[in-house]
């Protein structure tokens, strides 16, 4: 069986990564590509690394009037929105209304509370009835909802790396005094849009903190932890910019009410993830590195119980464009379609 | 059908890249791994990016006595030698004598003239009768010899990027006044061995020339060009070290006796390579970048005919660990076995 | 004695580097700073690395009407234009007319032939009478003209690195069959303006050629070589983008009519440069690296006479923001003012 | 007045940085250089970036017998030991006994408790009577002891960046519930010695945690905080490896018993540091970046009081080879000698 899909926002980095995956997905055919600013006629003129792989014309998002979407529906069933926050808000309802399944990679449908969205995104929120319909696509944590969903809000990159490490603690309501998350991301997470923060000479051989106290993944993480534990959760998260292209490593400091041993932590993870193909819990004493998941859909998790301080410290690494965006989107596609969740996602990390 | 293979030198970067490819090759099973210095018992302890992919024990090269090799032959048919120059020299004959097919990634069997080898490698040459038996594995240029061979000397990384760009000119005996090759490579080409030249703080945010006048790929390139044109060829080649992990870009300046047009250059390449799946000739005005072949087996070639100077300038990009080493080795395996040459090698470049 | 200076274009990378130098120059006081787009009120808000060093307000270039310039003249004598090509063209004449000494870091006054300027820059050329008044500020090659000048066209970064290596050959009219220049530059040479070519994710861990056949330093180099040799000179130059912030390394291949020895090359350089404090000719067998001149005003030159091919190969490294822009501008200031040319320029390269 | 100094360990990165500073220090002459492994005869053969700056022969540390040290004392007064931990332990006493003033950049004399040293360094501790004589050289925190000392244990790089940010809180005994330090360092901190952890291909475009729970700066930080607050202090610190050459950024999370405002934090820092030339407290809302202190002796500190969580979060950036090693060593020299503490240390950060 072949599923025909549309990709909107095909020229951003998440869109390009989606295409890389889907071109090798056995059950999917990419039928239509839409981009925001039409610089070229074909994708491989814009991204020559695709030469010999793809020959589909790219069209402008501005063409996506309702009739056009209805017409697309004749040949396609599902749309990936790799569009920025603020754009998906309007596009997703149109596609849903036309009968499409929708996987949205933006932040527009992740926060269920429109007030929270407007506070953190500084933009108008999506309509509540669409916010309600969306399923938060953290694949390993909400697989059943995803399987039954037809509208996925694909999680944020930081949120994915952090929630996968924390979920086993929160869903068991292990009493936690405080959680501090020190997260570091490569530059591709900021996308292809130009800015001083992504200008080579400002980033290379440099390291900095950014969006201090303002990162929109903070309420996203808190919403999910609250859902898992059943009580209002607050986290401390700080985001830093690494002079690398891909990769997020989050170091998470947990102050627990009761001490834990290494073995208990290992046990928690084993229980939750041992059948999860994309989560690799590292053996005690071995810690993840961003390069070790480069180009793959893995989330590598390490842990350390500090005997001196009693804290449990977690380390979680993902490729922000794969498990943090396009990879998880395809994993969610596989879940929705009832396919093996690894279809199209068996890439081995490229190292070195 | 499944071919069982042995990899010797499994812990070097070429070996690791071979394993990455072969783990996803439909017709190959890796049966045995040997490494030089046994630091760990399993490959994924040494290279955790392989966790969940491979569970084969690694053994020491020192175990490879003749009896052991004979024993390996009972379960395997082909060996990849990803060993350093000076080591393959002795290992390849042992495996050949035991009936193995051999693909050697070192420089030991590339130069047919032992005197030349000793001059450039400053080591003892392999035995002449084995030098004679080896086939130079430049896949697109010598496919027939490779198909009939059972002992492949896999080309050097610089040599591959340069020869693929130059072959159409030399095999047609187009009169060339001079050729100057300015080549630049990422650091992984120097392997996993530690040296000041590969020490992060000495390379990062730095750029330099190295092995001035001494690079052992110079005689390799000259030997092949001489073979193609039928007359003694000499090239000027300079090698530079880029602060990147993977990738070679060679800029080649050709002074021709007679002027050429862009169209003629395009035509030459079309004739030679249009059915070659791993060579992508870029349209006029578009030039290759190393990142556009990252993690893939492509050789991307661009050209520019300078109207002001009359020179033809060629640009050739490869991933030095793929097309420059392990990728081409697998391509040669496919050719030798009579398989489709793209088996296991359809990775799309990872960009960005 | 203290010279009061104005800097226009203070927020670009060359402007910022000028300020770094001049803040520690014993004879200079920075009196006024102008920038193009006024984002902040003070320079250290825009560039916090200057905190505790500078407290001068920054004003908009748009204020630079004739009266304003006349007013500036009351407190200042010299202006550095670190403005883009196309802007200096109009500003320099205004400042000259007001009686300022002018050092222009743009390309607007380097090419004496306005037709050539318009062909390569795709912009309107400056008025011929101002083109005639400008002195090409290649400090070690034209020191006398610079000393007598009051309007300096500061050389391009590539041109500086290449011309310093070539001048001894051309001014002696050594017969040269051909010269091929393969130049590589760090990203800061492209300035602070945003573009896809300087977007971190497109440059990091990547390497590419750019402006193929179109780089505006080609006619600049040819103009100077022609002036030195007394006959029309043509060069082949190709420019590449390195994933580093600062530094240019040019590899130059000279085909001479008559063979040269290493000793003769060394002798040429010794004759021309032995009293030049910013040119370091490397001993035979040692080659320059960009990091070895990082943050300094040096031009490091190495050479290699290839016995196999007869070619003389030159290697020249500079920090593009120092000797390739602001450093040489200050060196020219020192020459113009009759000061020791090293004033303010004794920074030791930062390594590693 | 001129002070003649000896540098032992001149070829390591801290040694090389010391030389860069001291060559431009108005009151110091470098008289003798000793290195561990004698590869070259002169320093500029080993480090060509010093060409034209230094011409002193380098000798082997193995020559440093007692008589030799006594002989050195005839022409020199002070020695910098830029030797590794385990080496300084034996060398410092010899130099002290010969009447030298000693500034030791290793970790051998930082921990006053030899048991703690042996636990964290896994080496034999120095003799207790020399441990007692050493003064911990955190320049801004212990200036009086340093001024009176003749034997300085120069602080560790991480410790410096962290303690300067924390000292105002601890010396005032502000009640702190917990402190978590997430520190990130460039690779030069690991020195010039070769290891897999500093091999370019393993570090470039990668990010990882290292020495989890084992970093020897943990007890150093605790010792100083304990001394400042008067009660036993414990910290959580995690060290990460950035793919950059220079720079440390530490993000520090403080849980205070009582809430603080931004203004109070600013006030603390103002009180302690407003006359300190090398500490730059950033205005509210502006945060330090490693590149903004590159090549300079600054410690840049930013702060953020999180209204949501009540935590005070501190950001501290230094150049690990400058303020984290050689720069602070020279600052301590200046203090010891009664000179202006900025002598030789007025370098402006190099940006970009």
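Chains as they are written, first to last, in my numbering: chain A, 5 to 356; chain B, 5 to 356; chain C, 5 to 356; chain D, 5 to 356.
Just so you know, even glycine gets a beta-carbon here, dropped at the ideal spot from N, CA and C.
Since this is a predicted model, take the numbers as computed values, not measurements.
One finds 216 and 217 in chain B with Cβ atoms closer than 8 angstroms to the Cβ of residue 308 (chain C), taken in chain order.
For residue 233 (chain B), the enclosing alpha helix (DSSP H) stretches over residues 221-233. In this structure, residue 146 (chain A) keeps its C-beta atom at 9 angstroms or more from the C-beta atom of residue 248 (chain D). In summary, the residues of the segment 233-252 of chain C whose CB is separated from some CB of chain A by less than 8 angstroms are 247, 248 and 249, in the order they occur in the chain. Fewer than three pairs of CB atoms, one per stretch, sit closer than 8 angstroms, so the segment 53-62 of chain C makes no contact with the segment 93-106 of chain C. In the three-state reduction of the DSSP assignment, residue 262 (chain B) falls in the coil class, being assigned neither a helical nor a strand state. Residue 207 (chain D) reaches chain B at 204 and 208, counting residues in chain order whose Cβ is nearer than 9 angstroms.
Rounded to the nearest angstrom, the gap between the Cα atoms of residue 306 (chain A) and residue 284 (chain A) is 9 angstroms. For residue 190 (chain B) and residue 224 (chain B), the gap between their C-alpha atoms comes out near 20 angstroms. Note on the segment 233-295 of chain A: whole beta strand (DSSP E) runs with a minimum of 3 residues are 240-245, 252-260 and 283-285, in chain order. The C-beta of residue 353 (chain C) has 16 or more other C-beta atoms within 10 Å across all chains shown, which makes the residue buried. Under the 9 angstroms criterion on CB atoms, residue 224 (chain B) is classed as non-interfacial with respect to chain C. The contact set of residue 38 (chain A) on chain D, defined by CB atoms closer than 8 angstroms, is empty, because the minimum CB distance reaches about 31 angstroms. In the DSSP assignment, residue 119 (chain C) falls within the alpha helix (DSSP H) that extends over 118-125. By the C-beta criterion, the segment 22-37 of chain C is judged to be in contact with the segment 338-354 of chain C, since at least 3 inter-stretch pairs fall below 8 angstroms. Residue 176 (chain B) sits in coil when the DSSP states are folded into three classes, being neither helix nor strand. Across the structure, residue 121 (chain D) and residue 227 (chain A) are spaced so that their CA atoms are roughly 45 angstroms apart.
Scanning chain B for C-beta atoms nearer than 8 angstroms to the C-beta of residue 81 (chain A) yields nothing, as the closest lies near 24 angstroms away. Between residue 51 (chain B) and residue 20 (chain B) a beta carbon distance of about 6 angstroms is seen, short of the 8 angstroms cut, so the two are scored as contacting. Bridge pairing for residue 309 (chain C): C:316 [DSSP]. Between the segment 140-158 of chain B and the segment 103-115 of chain B there are three or more inter-stretch CB-CB distances shorter than 8 angstroms, so the stretches are counted as touching. Under the Cβ criterion of 9 angstroms, residue 179 (chain D) is not counted among the residues facing chain A. In the DSSP assignment, residue 8 (chain B) falls within the beta strand (DSSP E) that extends over 7-12. Rounded to whole angstroms, the separation of the alpha carbons of residue 65 (chain A) and residue 238 (chain B) is 54 angstroms. Taking 9 angstroms as the cut-off, the Cβ atoms of residue 125 (chain D) and residue 89 (chain D) count as close. The C-beta distance from residue 138 (chain D) to residue 174 (chain D) rounds to 21 angstroms, too long to meet the 8 angstroms contact threshold. When beta bridges are read from the DSSP output, residue 84 (chain B) appears opposite B:11 and B:107. With contacts defined by Cβ atoms closer than 9 angstroms, residue 252 (chain A) and residue 184 (chain A) do not form a contacting pair.
For a cut-off of 8 angstroms, the C-beta gap from residue 73 (chain C) to residue 14 (chain C) is around 16 angstroms, too long to register as a contact. The residue from C:179, C:162 and C:214 with its alpha-carbon nearest to that of residue 320 (chain C) is C:162. In this model, residue 196 (chain D) and residue 12 (chain D) are separated by some 15 angstroms (Cα to Cα).
Residue 145 (chain D) carries a coil assignment under DSSP once its states are collapsed to helix, strand and coil. Contact between residue 240 (chain A) and residue 315 (chain D) holds: CB atoms are separated by about 6 angstroms, below the 8 angstroms threshold.
Its chain contains 98 as the residues whose beta carbon lies nearer than 7 angstroms to that of residue 70 (chain A), once the 5 sequence neighbours on both sides are disregarded; these appear in chain order. Where residue 17 (chain B) is concerned, the enclosing alpha helix (DSSP H) starts and stops at 17-26. With distances taken between CA atoms, residue 193 (chain A) lies nearest to C:206 out of C:236, C:206 and C:201.
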